[in-house]
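Q: Handing you a structure now.
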Amino acid sequence: MSDARIRTAGIVVTHGKLAEELIRTIESILGEVGDLYPVCSENYVDTMIVKKIREIIETYKEGHVVLFADYSGGSCFLNCIRAKVGVKGVKLISGVNLPVLLDFVTKRGLMDYNEMTDHLVKRGRDSISSTS
Amino acid sequence: MLVLVRVDDRLIHAQVVIGWKEECRPDRIILADDNVAANEFEKNLYISAASADTKVSVIPLKDAAERIKRGVYDRDRVILLVRSPEQALRLYEYGVVFDELNIGGMHYMEGRKKVMEDFYISDEEKSILRELVKKSVVLEARALPGDEKVIINSKIV
């Protein structure tokens, strides 16, 4: 586990292997980052996905966790909701993209938890643009 | 009118809501499952996963069968979802007669072996599907309408 200052963990929960690839891309930009975990739904039943997420959350009892789901309303999103029920200090952000994760990794040690999650939602929205 | 009868352990999710939408043009999704129907949290979770223009009924299996037989949903184009082969067989035995069953999502869990992508099965589930084969139900395995339609009756028997 990494430095005590970084006590906010991220769990990226997606369809296919997207979570692994997102984190691999983050690490190709920033180098190795700690406290950031992929959970790829692949071919597992929902109960196994929920169990995997809960096991990671359990290791951050003293800190905070942000769950990142790929698609609001999708099975990964629903499994995140199931995993966080009754657990304090866990927030869920849907529609995860690269800018959101980059900001999470680089700003989680600098910002208040609630302030950071608000920032991440805004960052995700602002990062989508159209160019003609 | 039943436009799709599907076994999918993820029940209402993106493949069903988006993937089958154009093919089936559903007015309603019926999620027939005793446990989900009895659990407000799970029930609301699945309802929230459907698109706003599709009605959703989350009801116990037997109730679903009775309502379908009574013609309650005859005016709707219905996607009927169950979680397992056992539930599909129960539906059939309650009198919901379908010619074709879509095996859309049976994911990996302990005791299941891979048949193909998105389709893992245990020996017990195989024997249940055999009962449906005996009733001349065509078992077609595919997650999405654009996937190859694989008829698995001979694999099961």
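The listed protein sequences derive, respectively, from chains A and B.
Each residue of the first sequence is one higher than the one before, starting from 1307 at the first, in the working numbering.
Each residue of the second sequence is one higher than the one before, starting from 10 at the first, in the working numbering.
Heads up, the beta-carbon is just placed ideally off N, CA and C, and yes, glycines get one too.
This structure is a prediction, so every number in the text was calculated from the model and none was measured.
For Arg121 of chain B, does the count of other Cβ atoms within 10 angstroms reach 16, so buried, or fall short, so exposed?
A: As a position in the second sequence, residue 121 of chain B is number 112, starting the count at 1. Flag for Arg121 of chain B reads buried.
Q: Once DSSP output is grouped into helix, strand and coil, what is the label at Ala152 of chain B?
A: Along the second sequence, one-based indexing puts residue 152 of chain B at 143. Ala152 of chain B falls in the coil class under three-state DSSP.
Q: Taking buried to mean at least 16 other C-beta atoms within 10 Å of its own C-beta, is His22 of chain B buried or exposed?
A: By 1-based counting over the second sequence, the position of residue 22 of chain B is 13. Buried, by the Cβ-count rule.
Q: Quick one: is Ala1389 of chain A buried, meaning 16 or more other Cβ sit within 10 Å of its Cβ, or exposed?
A: Numbered from 1 along the first sequence, position 83 holds the residue referred to as residue 1389 of chain A. Buried: at least 16 other Cβ atoms inside 10 Å.
Q: Which ranges does the beta strand (DSSP E) cover as unbroken runs of at least 3 residues, wholly within the stretch 80-163 of chain B, from first to last along the chain?
A: Taking only runs of at least 3 residues, the beta strand (DSSP E) segments lying wholly in the stretch 80-163 of chain B are 87-91, 109-114, 122-125, 128-130, 147-150.
Q: Which residues in chain B sit within 8 Å of Val1393 of chain A, going by Cβ to Cβ distance?
A: For the purposes of this step, residue 1393 of chain A is taken as residue 87 along the first sequence, with counting starting at 1. Within chain B, no residue comes near Val1393 of chain A; the closest Cβ sits about 14 Å away, beyond 8 Å.
Q: Thinking C-alpha only, which one of B:Leu11, B:Val12, B:Leu13, B:Asp18 is nearest Tyr117 of chain B?
A: Along the second sequence, one-based indexing puts residue 117 of chain B at 108. Residue B:Asp18 is the option with its Cα nearest to Tyr117 of chain B.
Q: Secondary structure at Lys78 of chain B, three-state DSSP: helix, strand or coil?
A: As a working mapping, residue 78 of chain B is identified with position 69 in the second sequence. Three-state DSSP puts Lys78 of chain B in a helix.
Q: Strictly below 8 Å CB to CB, what residues from chain A border Met118 of chain B?
A: On the second sequence, residue 118 of chain B is found 109 positions in, with the first residue counted as 1. The answer, in chain order, is Tyr1350, Val1351, Thr1353, Met1354.
Q: Three or more C-beta pairs closer than 8 Å, one from the stretch 33-42 of chain B and one from the stretch 56-76 of chain B: is that the case here?
A: Yes: the two stretches touch, three or more of their Cβ pairs being nearer than 8 Å.
Q: In angstroms, rounded to a whole number, what distance separates the CA positions of Val12 of chain B and Asp85 of chain B?
A: On the second sequence, position 3 is the one that residue 12 of chain B refers to. On the second sequence, position 76 is the one that residue 85 of chain B refers to. The alpha-carbon atoms of Val12 of chain B and Asp85 of chain B are separated by roughly 9 Å.
Q: By alpha-carbon positions, which one of A:Val1427, A:Leu1384, A:Glu1421, A:Ser1436 ends up nearest to Phe50 of chain B?
A: Against the second sequence, residue 50 of chain B aligns to sequence position 41. Nearest of A:Val1427, A:Leu1384, A:Glu1421, A:Ser1436 to Phe50 of chain B, Cα basis: A:Leu1384.
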